[in-house]
Amino acid sequence: MPISPAARPKTPPRPVPHTPAGPAVPPRPSAGSAVPARTGPRARPVPAPRPATASAPLLAVSGGQLIAAPCSAPASAAPRRARPASNPYLRLLATPGARAFTAGNLIARLPMGMLSVSAVIMIAGSRGSYALAGAVTATGLAATAVVAPFTARLVDRFGQARVAVPATALAVLGSLALVLCVYHDAPAWTLFAAYAATATTPNTGGMSRARWAHLHRGDPAALHTANSFEQAADELCFMLGPVLAATLCGALFPEAGTLVGAVLLMTGVLIFAAQRATEPPVTPRTRAVASPLRTPGMPALLAVFLATGAVFGSMEVVSIAHAGGAILALQAAGSCAAGLLYGSLRPARNVRLRLLLCLAAMTTLMSLPLLAATGSASLPVLALCLLLAGAATAPTMVTGMTLVQRATRPEQLNEGMTLSVTALLGGVAAGAAVGGWLVEHAGTVAGYAAPMSAAALALVIAGAGTAATASPDLVRRMKTAPPKGS
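Here this note's numbering = 1-based position in the sequence shown + 207.
This is the structure we're talking about:
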């Protein structure tokens, strides 16, 4: 085969001498091994040539010519990896499928702040009785407290999509039945029965938190950001929901708020349930599992949520009586902003200690509205105090939810978080009753003592629960510790 003169080597290869003791032709060296330069006892092994890199040419013969070709594409052609976002919330929403189920969850969660306000406006406007409207909504709240844990247990056992969709459909039918009963002037007992049917509404916030816990299991920082995001979403929905409900009922017709809320609830749950890729898998139960209520430390946590709910309920009633309902949006705004800021911080190593600090801060900040009302401060000063008072509620709720997630078994996560929400709603009802009684019998100034007292009670309960949890660990460490001098 001819070789072109340009490619002809300048020095001919050295012939291999024949040795009598060895073979006539030495064996061909394998790839990557040392090539001997000469034979004999003092022969030194010459390192094998380095493999061709992306910049080294590859020699080949084509058409009788020795040519050089690049062995691979240049390094500059390799795709660059995108840098991860520095914002923890952008990293959280960058999780595959997270934006889709978050959008559906926000749509389904907005009616939570609409339906009760819409029911009060609709019933009071048609029957002329706020007492009847309050009794109907209170009955629905009590029914939710009873039914919601069982709905969450079914979600844990059979999956979110299989349970949430039919449960929401039943709740929407209850809302539509309430509208028909009010419109056709049905007997009062039908209002109670129709609104009680809405108790099957699933806890969409708990299901969303369960998805985050499944997607980011083993990542405390991501779970901390996810819980903060969910709490901020709760505050945003409960801040916008009542405003949207009052606007619809006033601008259109009294039943508009309930109808729009029912449509949003069903649409949001359908979008949320359609995201099957992020749904937590159902864990089969091979044996009977005890209720999360029997988990050590869980009763104390639920008592803390009950007292925290009393903070919200009493603050709502007293503030409405003192300055109107619009001022409550400032408290929700302060809580929403604090929740987002809290989620960008590092998660606490000692979560129970962090809960005590958050409750202490909430107790201190809840004294600001009381001081403003006692000093007969102007409305802007009271508004600023409510904004600051709301700044401690979201971090407290996020930390409490983190403890609930850690105390609950993975196959009972929805049930555990629904129990905490049920305790919170029970506290809201109790706090509203106490706050209303204080406003009626002692005035709004004394009424602002109720939320501060409820926050202090939550702090005491959390402290007692922390001490009770730490005592068995301390005893166990003392028993296992070696004696002194050993």
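From the three backbone atoms N, C-alpha and C, an ideal C-beta is built for every residue, glycine too.
query, result
"Backbone CA spacing between residue 279 and residue 307 [nearest angstrom]", "The predicted model places residue 279 with a pLDDT of 49, which falls under 50 and marks its position as unreliable; any figure quoted below should be read in that light. If you take the alpha carbons of residue 279 and residue 307, they lie about 40 Å apart."
"Contact check, residue 317 vs residue 448, beta carbons under 8 Å", "yes"
"Residue burial classification, residue 529 (beta-carbon count within 10 angstroms, cutoff 16)", "buried"
"Classification of residue 419 by the beta-carbon crowding that lies within 10 angstroms, buried from 16 upward", "buried"
"As assigned by DSSP and simplified to three states, the class of residue 175", "No answer is possible for residue 175: the residues shown for the chain start at 208 and end at 693."
"Residue range of the alpha helix (DSSP H) that includes residue 418", "411-422"
"Three-way DSSP call (helix, strand, coil) for residue 490 in this model", "coil"
"Rounded distance between the beta-carbons of residue 574 and residue 659, thought under 8 Å", "5 Å"
"Any 3 or more C-beta pairs closer than 8 Å across the stretch 425-436 and the stretch 292-304", "yes"
"DSSP state of residue 286 mapped onto helix, strand, coil", "Note on residue 286: pLDDT 48, under 50, position unreliable in the model; no value is reported."
"Same chain, Cβ closer than 6 Å to residue 623, neighbours up to 5 away in sequence not counted", "499, 611 and 615"
"Every unbroken alpha helix (DSSP H) within the stretch 459-537, with a cutoff of 4 residues, ordered by chain", "463-481 and 505-530"
"Limits of the unbroken alpha helix (DSSP H) element including residue 648", "620-649"
"Separation of residue 535 from residue 607, as counted between CA atoms", "23 Å"
"Exposure of residue 460, with buried meaning 16 or more beta-carbon neighbours within 10 Å", "exposed"
"Whether residue 323 touches residue 346 by CB criterion (8 Å)", "no"
"Three-state secondary structure (DSSP) of residue 617", "helix"
"Min CB distance residue 389 to chain C below 8 Å", "The structure shown has no chain C; it contains just one protein chain."
"When 414, 438 and 538 are compared against residue 480, the one with the closest alpha-carbon", "414"
"contact_flag[the stretch 398-406, the stretch 515-524] where n(CB pairs < 8 Å) is 3 or more", "no"
"Residue 467 and residue 646 closer than 8 Å at C-beta", "no"
"The stretch 578-595 touching the stretch 376-386, judged by at least three CB pairs closer than 8 Å", "no"
"8 Å Cβ shell around residue 509 - same chain, five flanking residues per side excluded", "500, 626, 627 and 630"
"Secondary structure of residue 391, DSSP reduced to three states", "coil"
"Unbroken alpha helix (DSSP H) run spanning residue 318, endpoints", "Here residue 318 belongs to no alpha helix (DSSP H), and DSSP marks it neither H nor E."
"Span of the alpha helix (DSSP H), counted from its first residue to its last, around residue 574", "574-581"
"Cβ neighbour criterion (16 or more within 10 Å) applied to residue 503", "exposed"
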